[in-house]
Structures are given as C-alpha cells and as structure tokens.
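Number of protein chains: 2
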Amino acid sequence: MNGAHALVRTLADCGVTACFANPGTSEMHLVSALDGESRIRSVLCLFEGVATGAADGFARMAGFPAMTLLHLGPGLLNGGANLHNARRAFSPSIQVVGDHASGHAQFDAPLASDIAAVAGSLAQWVGRAENAAQCGPMAALAFQKSLDLPGGASVLILPADAAWSESGAPCPPLEIAPRTVVTEAAIMAAAQALRAAAKPVLLIGGAALTQAGLASAARLETWGVRVMTDTFPARQARGAGVFAPARMQYFSEMAQADLAGADLMVLLGARAPVAFFAYPDKPASPIPPGCQTLALGGVEVDGVRALEALAAAMQAPVAGAAAPAASFAPPSGPLSVQDVAISLARHMPEGAIIADDGVTSSLPAFALTAGAAPHDWLCLTGGAIGMGMPLAIGAAIAEPARKVICLSGDGAGMYTPQALWTMAREGLDITVIVFANRSYRILNIELARTGAGSTGAGSPGLVAGRMLSLDGPALDWVQLAQAQGLPARRCERAEDFDAALAAFLACPGPKLIEAMV
Amino acid sequence: MNGAHALVRTLADCGVTACFANPGTSEMHLVSALDGESRIRSVLCLFEGVATGAADGFARMAGFPAMTLLHLGPGLLNGGANLHNARRAFSPSIQVVGDHASGHAQFDAPLASDIAAVAGSLAQWVGRAENAAQCGPMAALAFQKSLDLPGGASVLILPADAAWSESGAPCPPLEIAPRTVVTEAAIMAAAQALRAAAKPVLLIGGAALTQAGLASAARLETWGVRVMTDTFPARQARGAGVFAPARMQYFSEMAQADLAGADLMVLLGARAPVAFFAYPDKPASPIPPGCQTLALGGVEVDGVRALEALAAAMQAPVAGAAAPAASFAPPSGPLSVQDVAISLARHMPEGAIIADDGVTSSLPAFALTAGAAPHDWLCLTGGAIGMGMPLAIGAAIAEPARKVICLSGDGAGMYTPQALWTMAREGLDITVIVFANRSYRILNIELARTGAGSTGAGSPGLVAGRMLSLDGPALDWVQLAQAQGLPARRCERAEDFDAALAAFLACPGPKLIEAMV
Numbered sequence: 179m180n181g182a183h184a185l186v187r188t189l190a191d192c193g194v195t196a197c198f199a200n201p202g203t204s205e206m207h208l209v210s211a212l213d214g215e216s217r218i219r220s221v222l223c224l225f226e227g228v229a230t231g232a233a234d235g236f237a238r239m240a241g242f243p244a245m246t247l248l249h250l251g252p253g254l255l256n257g258g259a260n261l262h263n264a265r266r267a268f269s270p271s272i273q274v275v276g277d278h279a280s281g282h283a284q285f286d287a288p289l290a291s292d293i294a295a296v297a298g299s300l301a302q303w304v305g306r307a308e309n310a311a312q313c314g315p316m317a318a319l320a321f322q323k324s325l326d327l328p329g330g331a332s333v334l335i336l337p338a339d340a341a342w343s344e345s346g347a348p349c350p351p352l353e354i355a356p357r358t359v360v361t362e363a364a365i366m367a368a369a370q371a372l373r374a375a376a377k378p379v380l381l382i383g384g385a386a387l388t389q390a391g392l393a394s395a396a397r398l399e400t401w402g403v404r405v406m407t408d409t410f411p412a413r414q415a416r417g418a419g420v421f422a423p424a425r426m427q428y429f430s431e432m433a434q435a436d437l438a439g440a441d442l443m444v445l446l447g448a449r450a451p452v453a454f455f456a457y458p459d460k461p462a463s464p465i466p467p468g469c470q471t472l473a474l475g476g477v478e479v480d481g482v483r484a485l486e487a488l489a490a491a492m493q494a495p496v497a498g499a500a501a502p503a504a505s506f507a508p509p510s511g512p513l514s515v516q517d518v519a520i521s522l523a524r525h526m527p528e529g530a531i532i533a534d535d536g537v538t539s540s541l542p543a544f545a546l547t548a549g550a551a552p553h554d555w556l557c558l559t560g561g562a563i564g565m566g567m568p569l570a571i572g573a574a575i576a577e578p579a580r581k582v583i584c585l586s587g588d589g590a591g592m593y594t595p596q597a598l599w600t601m602a603r604e605g606l607d608i609t610v611i612v613f614a615n616r617s618y619r620i621l622n623i624e625l626a627r628t629g630a631g632s633t634g635a636g637s638p639g640l641v642a643g644r645m646l647s648l649d650g651p652a653l654d655w656v657q658l659a660q661a662q663g664l665p666a667r668r669c670e671r672a673e674d675f676d677a678a679l680a681a682f683l684a685c686p687g688p689k690l691i692e693a694m695v
Numbered sequence: 179m180n181g182a183h184a185l186v187r188t189l190a191d192c193g194v195t196a197c198f199a200n201p202g203t204s205e206m207h208l209v210s211a212l213d214g215e216s217r218i219r220s221v222l223c224l225f226e227g228v229a230t231g232a233a234d235g236f237a238r239m240a241g242f243p244a245m246t247l248l249h250l251g252p253g254l255l256n257g258g259a260n261l262h263n264a265r266r267a268f269s270p271s272i273q274v275v276g277d278h279a280s281g282h283a284q285f286d287a288p289l290a291s292d293i294a295a296v297a298g299s300l301a302q303w304v305g306r307a308e309n310a311a312q313c314g315p316m317a318a319l320a321f322q323k324s325l326d327l328p329g330g331a332s333v334l335i336l337p338a339d340a341a342w343s344e345s346g347a348p349c350p351p352l353e354i355a356p357r358t359v360v361t362e363a364a365i366m367a368a369a370q371a372l373r374a375a376a377k378p379v380l381l382i383g384g385a386a387l388t389q390a391g392l393a394s395a396a397r398l399e400t401w402g403v404r405v406m407t408d409t410f411p412a413r414q415a416r417g418a419g420v421f422a423p424a425r426m427q428y429f430s431e432m433a434q435a436d437l438a439g440a441d442l443m444v445l446l447g448a449r450a451p452v453a454f455f456a457y458p459d460k461p462a463s464p465i466p467p468g469c470q471t472l473a474l475g476g477v478e479v480d481g482v483r484a485l486e487a488l489a490a491a492m493q494a495p496v497a498g499a500a501a502p503a504a505s506f507a508p509p510s511g512p513l514s515v516q517d518v519a520i521s522l523a524r525h526m527p528e529g530a531i532i533a534d535d536g537v538t539s540s541l542p543a544f545a546l547t548a549g550a551a552p553h554d555w556l557c558l559t560g561g562a563i564g565m566g567m568p569l570a571i572g573a574a575i576a577e578p579a580r581k582v583i584c585l586s587g588d589g590a591g592m593y594t595p596q597a598l599w600t601m602a603r604e605g606l607d608i609t610v611i612v613f614a615n616r617s618y619r620i621l622n623i624e625l626a627r628t629g630a631g632s633t634g635a636g637s638p639g640l641v642a643g644r645m646l647s648l649d650g651p652a653l654d655w656v657q658l659a660q661a662q663g664l665p666a667r668r669c670e671r672a673e674d675f676d677a678a679l680a681a682f683l684a685c686p687g688p689k690l691i692e693a694m695v
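Going down the list, the protein sequences come from chains L and G.
Read in order, the letters of the first sequence are residues 179 to 695 in our numbering.
Read in order, the letters of the second sequence are residues 179 to 695 in our numbering.
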C-alpha cells in the first residue's frame with residue numbers, strides 16, 4: 179500500500195467522512211487514494227480558502243475534523259485566512275498539504291516554499307510524513323492532535339515520494355483526550371463570588387452555548403447573574419424556547435457602558451473580552467474599571483457540566499429564562515436589513531444553520547431571530563471576511579438533513595465567490611443571502627471612529643471614498659451565482675424578498691438572493 | 179504629520195506611483211493619507227491576491243516597485259500565493275501590512291496573528307514601524323530593500339498607532355545598488371569554455387531577455403552557441419525581428435532529450451534548470467549527464483552588458499538570428515487552442531503585453547507568436563495559478579499606452595476572478611482570454627505521469643475524475659465578466675474568435691472572451 183492510501187485509510191478509520199480538496203500535481207496519489215475510499219466524501223473547491231472554510235463549518239457542526247487537500251505552500255497560503263478564522267473558532271481539522279518529493283527539495287523548484295513557517299502560525303500541530311511508512315502513524319497523530327484541547331488545525335505535510343512509495347500501512351486511531359472538567363472547588367469558589375457580587379456577569383462560550391449549556395445558564399440568569407456571550411461565538415444554539423444571553427457589544431466603549439457597575443465577570447468557555455480593534459482614546463477592554471474577573475476555563479472545559487454544577491451550587495431556580503416565540507407581520511416597502519431580518523425570523527425552518535458573514539448587515543438578523551424556530555448560528559470568529567459561503571458548505575455537508583442559510587456582505591462574498599460553484603456541484607441545501615449595500619459599510623463607520631477622514635472630520639475624501647465603495651461598477655450577484663450554476667434572484671422590495679425567501683427555503687438545493695439594502 | 183502620511187509621502191518621494199489596496203479598519207489612516215497624495219494612483223482590489231499579483235505585474239513592466247495595502251495577517255495570507263509568484267519573478271514591491279496598535283497586541287484580539295512569520299517566507303525584507311517617527315525611515319528602507327539584488331517584496335508592518343500618531347516625517351530616498359557587473363575575467367573564461375565545447379548551451383534570463391540582451395544573445399546563437407530560456411521567464415521581449423531563444427521544455431525527460439549531447443551549459447541571469455515537479459523514475463534535472471555548468475550569475479547581474487561583452491569576446495557575427503515576421507491565414511472550424519494562437523499572432527498589436535496564466539492552453543500561443551508584432555510576454559513564475567488577471571492589472575497600470583492581453587485557464591481564473599472588477603473600475607486596456615476547457619487539463623496529464631491513476635494505468639476513477647474536472651456545473655465566464663462590469667462574449671468557432679479578438683483589440687477598455695476549446 180502506498181503512503182497516500184495509508185494516510186487516507188487511517189483517516190477514514192478515525193472517522194473522517196469529508197475531504198475538501200484543491201489538488202495539484204504533487205497530490206495526485208492522494209486524489210487516487212480518495213478514489214478508493216468510499217467512507218470519505220471528496221468535495222472539489224476551486225480555491226483553497228473555500229476548502230479551509232468548509233472544513234471549519236464542518237467541524238463546528240460535527241464537532242469532528244474533516245480533512246482538506248492543499249497544493250504546496252501557495253495552497254496553504256490561499257487557505258490561510260479561513261484557517262485563521264478556524265483557529266479562532268478552535269475548529270479541529272486535518273489540512274493535508276502536498277509537498278515536493280524529498281529528493282527534490284534541494285533544487286528549490288518554482289513551487290517550493292517554507293510550508294512549515296506558514297503552517298506554524300495557523301495550526302495547533304504541524305507534522306511531516308518523511309516517508310511512506312510514516313503516513314499512517316502521522317495521519318493518526320494529526321487526527322488526534324486536531325482534537326487536542328482546545329482544538330485546532332493539524333497541518334500534515336506530505337512529500338510526493340512519501341505518498342507514492344509502497345511501504346505504507348494504515349494506523350489505528352489514537353486516544354482522544356476528554357474535555358477538561360472544572361473542579362468542584364473552582365465551582366464552589368465561583369458560586370461564592372457570584373453570591374457576594376453586587377452585579378455579577380457570566381461570560382460563556384464554547385460548549386456552554388449548546389442547548390444543554392444554555393438551559394443551565396438560563397437558571398443562573400433567573401437567579402440574578404447577567405449571562406452574556408462573546409460578540410462572535412463560533413456556534414450558538416438559539417431560537418424560541420432557547421435562552422438568549424446578551425451579546426457583548428462590538429465597540430468597546432459601548433460594551434463598557436453596557437457593563438457599567440458590574441463588579442464581577444466569571445469566564446466559562448471564554449477569554450476575557452477585548453476590543454476587536456484599538457482606536458485612539460478608546461478603551462481596549464470593555465470590562466469596566468474595578469470589575470474583577472474569575473476564569474473557570476476556556477473552550478477546553480466541559481462547559482455543559484460546569485454550568486450544571488454552578489447552577490446547582492447556586493441553588494438557581496429550575497425554570498430558566500428562554501426566548502419567547504416571536505411572530506412578525508410580513509415586511510413591506512423598499513428592502514432594508516431589518517426587513518431581511520424579519521423575513522428570516524418568519525421563514526427559517528427548525529434546525530436551520532446560519533453561516534454569518536454579513537458584517538454590519540446581519541446585526542438586525544441576529545437580534546430579530548432570537549425567537550425564531552430553533553437554529554444554530556455560526557459567527558465570523560477571526561475577522562477575516564470571506565468565510566460565510568465556505569462555512570455554509572462545510573455545515574451543509576456535516577448536516578445534510580438541515581437547511582443552511584448563509585448571510586454574506588457583498589464585500590465579504592467577493593473574497594471567496596468560487597464557493598458558489600461547489601454548492602452547485604454538490605447540490606447542497608444552502609440559501610445564500612448577499613446584502614448588496616455596494617460598500618465596505620463597516621469601513622465607512624471605522625474611518626470616522628479612527629478619526630482618519632481626510633477632512634479631519636471622519637468623512638472620506640474622493641480617493642478614500644472610492645477605497646470603501648464597491649460601486650462603479652456595481653456587482654451583479656445574480657449573474658455571479660448563475661454563472662456558477664445557482665438559481666438566483668435580486669430583491670429590491672421587502673415583499674419580494676419575503677416571498678423569494680419563503681419559496682427558496684421551501685425546496686432543497688443551493689440558491690442565492692441578492693438583497694438590495 | 180502622522181505616521182501614515184509620512185510613510186505615503188516617503189514612498190511617493192521615492193517614485194512610487196501605484197498602490198493596490200484592500201484596506202480594513204487598521205489601515206484607515208493609510209487610506210486617508212493616500213487621499214492626499216496625488217502622485218500615487220490608488221487601486222481598490224476586492225481580494226488581496228489581486229493586489230499582490232498586480233504589484234508583480236507593475237514591477238515586471240516598470241522595473242520599479244508599487245505598494246500594496248493589506249489588512250493584517252489574513253490580508254497577507256490572501257495575498258501570499260501571488261507574492262510567492264512574485265518572489266520567483268524577483269519583482270520588487272512594498273507590501274504595507276496594517277497591524278493592531280502596539281498596546282493592543284497583548285490582548286491577542288481576533289485578527290491578531292504572526293504576520294512576520296508568514297512575511298518571512300515570502301519577502302526579501304521584513305520590517306516594522308514601531309512608532310510614527312519610524313514610518314518615514316522604514317518606508318525609505320522598505321523601498322531600498324525591495325530593489326536590493328536580486329529584487330523582491332519588502333513587507334512593512336504598520337501598527338495602527340504608528341499610523342495615527344503625529345510624530346512622523348518623510349524620509350528622503352536611499353541609494354539603490356546597481357546591478358552586479360560580470361567581471362572581464364569571468365567573461366573571458368566563459369568565452370574560452372564556449373569555444374572549447376562541442377555542443378554548448380547558454381541559458382539566459384532576467385535582464386538578458388530584453389530586446390537589447392536578446393540582440394547580443396542572437397549573435398552568440400549565430401556563432402554556434404545554442405541559446406535557451408527558462409520554461410517560465412518573468413518577462414521576455416518577443417516578436418518579429420526579435421531573437422527567439424529555444425525554451426526549456428517543461429517535462430524534464432523531454433528537456434533532457436532536447437539537450438542530448440550538450441557538454442556545457444553557461445548560465446546568465448538564470449539558475450541551473452530543474453524539473454517543476456519530481457516524478458517516480460524521472461530525472462530531477464534536465465541537464466544531461468556529463469554536461470558541465472558554468473554560472474555567470476543570476477538575475478542580479480547586468481545581463482545586457484554581460485551578453486554584449488561575451489559576444490565581443492567570442493567575436494560573434496554582428497548580425498544575429500531574429501524571428502521572421504509570421505503571417506497566418508484566418509482560422510476556421512471549431513475553436514482550438516491552436517486557433518486562439520493563430521488569431522493572437524494575427525491581431526496582437528505592437529507593444530502588446532501578454533500576461534500568461536493559460537497553463538497547457540497557452541503553449542501553442544507562445545509558440546506561434548514568435549513572429550507576431552513585437553511584444554512582452556510575462557509567465558507564471560512560481561506555479562501558483564491565479565496570477566494572470568492580477569498581473570495584467572499591474573502591467574496595464576504601469577504601461578497605460580500599451581495593450582494588455584491576459585491568457586487564463588478557466589481553472590486558473592477561478593482563483594482570482596475578482597480581478598475582473600478592478601479592470602472594469604479602472605477602465606484598464608486589458609483583453610482577457612479565458613481558455614474554457616472545463617478541466618484542470620494539466621492534472622489529467624499529471625495523474626498519468628505520476629502513475630497515480632486508480633486503475634494503475636494512470637486513468638482517473640470516478641471520484642478522481644471529478645476532482646480534475648470543472649464541468650458539472652459548467653462555469654459561464656461571460657456572466658462572470660458581465661457581473662463585474664466587463665463586456666464579454668463566448669466563442670465556439672475559430673472564425674468568431676478571430677473576429678471578436680480583432681474587434682476587442684481595436685477599441686480600448688477591459689473585455690473578456692470565453693474561448694471554448
């Protein structure tokens with residue numbers, strides 16, 4: 179058995195079921211090995227950022243790594259931005275990066291580059307199978323290391339000769355470490371601190387944002403603790419009947435005002451919050467002065483169990499707060515982001531998965547769907563826009579029976595528009611909503627906030643204005659989608675959007691709505 | 179003056195005239211500074227790979243760096259693959275990468291990453307302006323270092339607080355090192371070796387591939403030296419009246435057969451050739467056994483002067499070989515890559531610039547245009563496809579009076595399709611020809627060559643076949659172009675293509691032809 183087959187067989191034995199691939203010459207034996215492995219679904223992506231983003235979406239929904247197949251250093255670089263986002267989501271994945279045959283390295287051929295240096299900045303673990311015999315064991319190790327807490331990418335570099343040589347053998351799966359359990363003593367200390375505090379806050383993330391975790395968190399909220407989440411959780415269960423914690427506000431001075439008077443912040447499955455960007459004369463931390471923090475652990479902990487224990491220790495009421503079912507009248511008039519939000523809340527089916535790369539435009543959608551049918555919401559964790567459509571692909575492949583809705587800014591969508599083609603090829607049940615505001619809307623806000631406007635008053639000059647605008651020429655997302663095999667339509671009125679969304683969600687398969695907002 | 183203004187002013191004083199930008203919040207002060215600098219043309223790119231590829235194209239034509247503006251680590255990663263190609267072209271550039279404010283680094287905010295680690299694998303020089311006072315001097319240094327021989331990217335990391343603080347001042351340009359001169363003694367030794375050899379080869383690259391360099395090379399060819407170029411030169415002057423050296427063949431066993439009997443290879447502006455990829459049981463080097471190599475220097479040398487001196491030392495005839503003007507009858511029938519090549523040879527105007535990312539499909543075009551109107555040809559230097567359309571943007575901005583023709587594979591084009599939007603916005607005089615063969619054609623060849631076919635006979639199985647095909651759904655490049663503001667048409671017959679190309683080249687502005695081959 180050659181090394182490529184040993185690698186693929188090992189990962190399939192570990193339970194890997196999906197490979198997001200953009201192969202090249204040095205990966206031909208891997209492609210061939212995947213051909214013979216019916217347990218792994220191979221999905222071609224036309225750009226590596228789609229592959230890495232899809233692996234992230236898969237991991238967030240499955241709690242389990244997918245593999246990718248990337249072509250040498252440039253393939254890893256192209257996939258790098260969405261690997262960055264995945265790193266911030268602590269998503270496990272196995273990124274198999276082909277490399278030149280070992281003997282070829284000395285020649286510094288055109289495609290040679292320092293793969294390990296780039297991988298080191300993005301991955302939880304980096305390894306290299308030096309020969310075919312190492313392919314099985316290194317694949318098993320890559321799988322295990324991706325699930326090492328807190329979870330992340332394993333980059334496995336595979337020289338072509340290791341892939342094609344015949345001394346490979348599959349390796350059995352290695353043991354996976356369980357989540358860290360928060361000690362009884364730590365729970366008791368937190369309970370005591372929460373009781374002693376005048377205005378306590380509990381910031382939760384990771385596994386605590388599942389329905390089970392949120393049920394215990396709701397009890398603590400009812401007891402009197404203010405429960406909050408990060409601004410951009412990797413995954414959050416939401417909807418009618420599910421507790422909806424307050425969201426940490428994006429701008430730190432607003433978050434600080436929101437937290438005014440808090441004297442204790444307990445962290446569970448979350449790090450201490452920090453401003454997304456620094457600004458002249460604005461605070462880096464939203465935590466108000468004088469507020470103590472108490473960390474029970476990051477995403478590596480068993481947040482469900484810890485919250486249960488904490489609710490018990492606090493003798494919190496059994497009935498927790500939950501979002502009431504919301505109902506909205508059909509929107510009308512020229513389409514706005516609020517109208518999109520209302521239509522989403524009206525029509526998204528139970529079990530929907532929202533892949534959110536909508537930047538400013540999806541804020542109302544998040545707010546107005548708290549009482550919609552129960553669903554999962556996946557946020558942009560690392561700030562590198564261009565994640566939404568790839569993430570939707572991975573989520574749809576991990577959960578084929580569920581409906582995926584991707585919210586994307588038009589600026590964000592243009593980083594990875596090739597994702598639409600993969601949706602069409604694989605017939606994935608994804609409805610993409612592109613918010614067409616024809617600008618980097620957030621940057622128009624940020625220009626003013628940073629005080630960088632050329633007039634000194636935060637308003638852009640002619641050149642700066644053109645750097646923040648996507649108009650001239652206007653992008654046509656309907657054509658971009660149709661060109662890649664997706665049915666698509668443009669909506670300029672709320673009535674149209676509402677009807678189109680209902681119709682699109684009623685039948686399976688990928689499609690796109692360009693929402694002119 | 180704030181640091182951002184000091185940086186921009188310094189680069190403008192150095193002579194920088196173009197900035198390919200994809201800014202974010204941390205770059206707002208740079209955007210504002212560019213607003214006030216009329217000497218620099220700011221060009222918005224919707225994806226960073228377009229920006230870095232455009233800077234490469236600019237440098238290849240101008241022999242001078244442009245700047246880019248990238249958003250933190252993810253922006254650099256997105257631009258990384260085309261920076262890899264630019265590194266292999268030795269193209270100078272100044273990549274300005276925004277970073278979090280210095281005080282913010284400690285918080286490991288969502289967009290934080292190890293920018294320097296990634297930059298180190300791609301750049302000739304990496305620096306960081308720690309404060310506003312350093313912005314001017316570091317910008318001048320970045321400019322100088324980009325032109326240090328052999329030439330490459332300078333990555334200048336700019337923390338937001340260095341950009342916004344008011345202690346900046348521009349810095350005057352630093353001295354640029356001249357090209358290395360090959361010594362008289364080395365020339366004499368090479369001349370002696372060439373005279374003594376039975377079947378000498380001279381492999382040239384870099385500046386030697388200008389019209390002036392090729393004129394001297396032609397004299398050596400007439401004398402009896404076989405003059406060759408690398409398979410993928412960064413830039414080569416070509417056309418009727420220009421000497422057309424033989425091209426090193428892509429597959430090393432074919433190159434080795436082509437070189438059979440050669441007993442000396444002199445290298446000037448080029449490294450020893452090496453196979454693009456390694457294959458089982460095929461040679462890594464195309465140089466036949468027993469052939470000696472003699473290196474006169476890489477791209478850092480003054481190749482024009484060295485070739486002149488060598489021709490003089492060899493007392494080579496004054497009249498060198500030159501490509502005769504070729505004339506072709508109009509092609510007809512179902513469109514083939516050969517027909518595209520013939521139409522190109524018929525219609526490309528004098529001074530045309532060809533940005534070639536056509537992979538297998540542009541081989542006939544290269545061959546058949548040797549006798550076309552004089553032009554410059556830019557190759558894919560680093561093997562990371564997705565370079566052609568970005569490269570064309572930079573070339574068009576460096577040479578606004580010349581016509582740019584981009585040859586792109588459909589697979590290659592899908593890595594950076596956003597480049598079309600920038601062409602439309604800037605009204606660049608670029609005609610894009612997409613070879614729509616709806617496959618990674620090269621990989622179908624490579625699968626067989628590597629012996630990876632699942633049947634053992636190099637033919638792909640069902641899954642592998644799908645990994646190499648771009649059909650299902652078919653991409654519609656006409657819609658992809660129109661969606662981004664470009665006139666476009668599809669040609670399925672040679673007569674149509676010939677007429678469309680003639681018509682498109684006759685009027686300025688960007689447009690696209692989808693060539694169904």
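Virtual Cβ for every residue (Gly too), placed ideally from N, Cα, C.
Open item on the list: Give me, in chain order, the residues of the same chain whose beta-carbon lies closer than 6 Å to that of Pro502 (chain G); leave out the 5 immediate sequence neighbours on both sides.
Closed with: Residue numbering aside, residue 502 (chain G) sits at position 324 when the second sequence is read from its first letter. Once the five neighbours on either side are set aside, the close Cβ partners of Pro502 (chain G) are Gly549.
Open item on the list: So, at 7 Å on beta carbons, what are the nonlocal neighbours of His525 (chain L) in its own chain, with the 5 sequence-adjacent residues on each side left out?
Closed with: As a working mapping, residue 525 (chain L) is identified with position 347 in the first sequence. Contacts found: Leu679, Ala680, Leu683.
Open item on the list: Please report the distance separating the alpha-carbon of Ala691 (chain L) from that of Leu556 (chain G).
Closed with: Residue numbering aside, residue 691 (chain L) sits at position 513 when the first sequence is read from its first letter. Residue numbering aside, residue 556 (chain G) sits at position 378 when the second sequence is read from its first letter. The residue asked about is misnamed: residue 691 (chain L) is Ile in this sequence, not Ala. If you draw a straight line from the Cα of Ile691 (chain L) to the Cα of Leu556 (chain G), it is about 39 Å long.
Task: Members of the region 201 to 212 of chain G that neighbour chain L once the beta carbon cut-off is set at 8 Å - done: Against chain L - using a Cβ distance shorter than 8 Å - the residues of the region 201 to 212 of chain G are Pro201, Gly202, Thr203, Ser204, Met206, His207, Val209, Ser210, Leu212.
Task: CB of Pro552 (chain G) within 8 Å of CB of Val420 (chain G), strictly - done: Locating residue 552 (chain G) in the second sequence gives position 374, where the first residue counts as 1. Locating residue 420 (chain G) in the second sequence gives position 242, where the first residue counts as 1. Their beta carbons are under 8 Å apart, which means Pro552 (chain G) touches Val420 (chain G) by this criterion.
Open item on the list: Which runs of the beta strand (DSSP E) at least 3 residues long sit entirely within the region 543 to 570 of chain G? Give them in chain order.
Closed with: Within the region 543 to 570 of chain G, the complete beta strand (DSSP E) segments at least 3 residues long are 553 to 556, listed from N- to C-terminus.
Task: Test item: CB-CB of Ala562 (chain G) and Ile608 (chain G) under 8 Å - done: Locating residue 562 (chain G) in the second sequence gives position 384, counting from the first residue. Locating residue 608 (chain G) in the second sequence gives position 430, counting from the first residue. It is not a contact, given that the beta carbons lie outside the stated cut-off.
Task: Beta carbon proximity, Ser291 (chain L) to chain G, threshold 8 Å - done: Looking up residue 291 (chain L) in the first sequence gives position 113. Under the Cβ criterion of 8 Å, Ser291 (chain L) is counted among the residues facing chain G.
Task: Cβ contact (3+ pairs, closer than 8 Å) linking the region 294 to 303 of chain G and the region 325 to 334 of chain G - done: Result yes; three or more Cβ-Cβ pairs closer than 8 Å.
- [ ] Name, please, each residue of chain G whose Cβ falls closer than 7 Å to the Cβ of Met592 (chain L).
- [x] Position 414 of the first sequence, counted from the first residue, corresponds to residue 592 (chain L). Ordered by position in chain G, the residues that pass the 7 Å Cβ test against Met592 (chain L) are Leu224, Phe225, Gln596.
Open item on the list: Residues of chain G with CB closer than 7 Å to the CB of Val641 (chain L), please, in chain order.
Closed with: Locating residue 641 (chain L) in the first sequence gives position 463, counting from the first residue. The answer, in chain order, is Leu212, Asp213, Ser220.
Task: N-terminal and C-terminal residue of the beta strand (DSSP E) that Gln322 (chain L) is part of - done: The count along the first sequence starts at 1 and reaches residue 322 (chain L) at position 144. Counting along the chain, Gln322 (chain L) falls outside any beta strand (DSSP E), though it belongs to the alpha helix (DSSP H) covering 310 to 325.
Task: Contact set between Val360 (chain G) and chain L, taken where Cβ atoms lie within less than 8 Å - done: Taking the second sequence and counting its residues from 1, the one referred to as residue 360 (chain G) is at position 182. Result: empty, since nearest Cβ-Cβ is about 22 Å, beyond 8 Å.
Task: Any chain G beta carbon closer than 8 Å to His183 (chain L) - done: Within the first sequence, the letter at position 5 stands for residue 183 (chain L). Cβ-Cβ to chain G under 8 Å: no for His183 (chain L).
- [ ] Express the C-alpha separation of Ser280 (chain G) and Lys323 (chain G) in angstroms, rounding to a whole number.
- [x] On the second sequence, residue 323 (chain G) is found 145 positions in, with the first residue counted as 1. On the second sequence, residue 280 (chain G) is found 102 positions in, with the first residue counted as 1. Answer to the nearest angstrom: the Cα atoms are 24 Å apart.
TODO: Could you spell out where the beta strand (DSSP E) holding Ala503 (chain L) opens and where it closes?
DONE: Looking up residue 503 (chain L) in the first sequence gives position 325. Secondary structure note for Ala503 (chain L): it is in no beta strand (DSSP E), with a DSSP letter that is neither H nor E.
Task: Under 9 Å by beta carbon: chain L residues contacting Gln414 (chain G) - done: Residue 414 (chain G) sits at position 236 when you count from the first residue of the second sequence. Residues of chain L passing the Cβ test: none, with the nearest at roughly 16 Å.
Task: Length-filtered (3 minimum) beta strand (DSSP E) runs lying within the region 432 to 509 of chain L - done: Every beta strand (DSSP E) stretch that sits fully inside the region 432 to 509 of chain L and reaches 3 residues is listed by chain position as 442 to 446, 470 to 475.
- [ ] State yes or no: is the C-beta of Ala375 (chain G) within less than 8 Å of the C-beta of Leu446 (chain G)?
- [x] For the purposes of this step, residue 375 (chain G) is taken as the residue at position 197 of the second sequence. For the purposes of this step, residue 446 (chain G) is taken as the residue at position 268 of the second sequence. Judged by beta-carbon spacing, Leu446 (chain G) lies beyond the 8 Å limit of Ala375 (chain G), meaning their Cβ atoms are not closer than that value.
Open item on the list: Beta-carbon within less than 7 Å of Gly387 (chain L)'s beta-carbon, same chain only, minus the 5 sequence neighbours each way: which residues are those?
Closed with: Looking up residue 387 (chain L) in the first sequence gives position 209. A small fix is needed here, since residue 387 (chain L) is Leu in this sequence, not Gly. These residues qualify, in order along the chain: Thr407, Pro411, Arg413, Gln414, Ala415.
Open item on the list: One question on the structure: do Ala294 (chain G) and Ala456 (chain L) come within less than 8 Å of each other, judged by their Cβ atoms?
Closed with: For this step, residue 294 (chain G) is matched to residue 116 along the second sequence. For this step, residue 456 (chain L) is matched to residue 278 along the first sequence. Pairing Ala294 (chain G) with Ala456 (chain L) gives a Cβ-Cβ distance that is not under 8 Å.
TODO: Output yes or no for whether 8 Å exceeds the beta carbon distance between Leu327 (chain L) and Arg373 (chain L).
DONE: Numbered from 1 along the first sequence, position 149 holds the residue referred to as residue 327 (chain L). Numbered from 1 along the first sequence, position 195 holds the residue referred to as residue 373 (chain L). Judged by beta-carbon spacing, Arg373 (chain L) lies beyond the 8 Å limit of Leu327 (chain L), meaning their Cβ atoms are not closer than that value.
Task: Run of the beta strand (DSSP E) containing Gly276 (chain G), from where it starts to where it stops - done: Start at 1 with the first residue of the second sequence, and residue 276 (chain G) comes out as number 98. Here the beta strand (DSSP E) through Gly276 (chain G) covers 271 to 277.
Task: Proximity test, Cβ basis, 8 Å: Arg187 (chain L) and chain G - done: The residue given as residue 187 (chain L) occupies position 9 in the first sequence. No, Arg187 (chain L) lies away from the interface with chain G (no Cβ there is under 8 Å from its Cβ).
Task: Rounded straight-line distance, which links the Cα of Gly687 (chain L) to that of Leu189 (chain L) - done: Mapped onto the first sequence, residue 189 (chain L) falls at position 11. Mapped onto the first sequence, residue 687 (chain L) falls at position 509. Approximately 29 Å, taken between the alpha carbons.
- [ ] Could you tell me whether the Cβ atoms of Glu604 (chain G) and Val221 (chain G) are closer together than 8 Å?
- [x] One-based indexing of the second sequence puts residue 604 (chain G) at position 426. One-based indexing of the second sequence puts residue 221 (chain G) at position 43. Yes, they are a contact pair.
TODO: Let me know the alpha helix (DSSP H) ranges lying completely inside the region 334 to 422 of chain G, each 4 residues or longer, listed in chain order.
DONE: Here the runs fully enclosed are 338 to 342, 362 to 374, 389 to 401.
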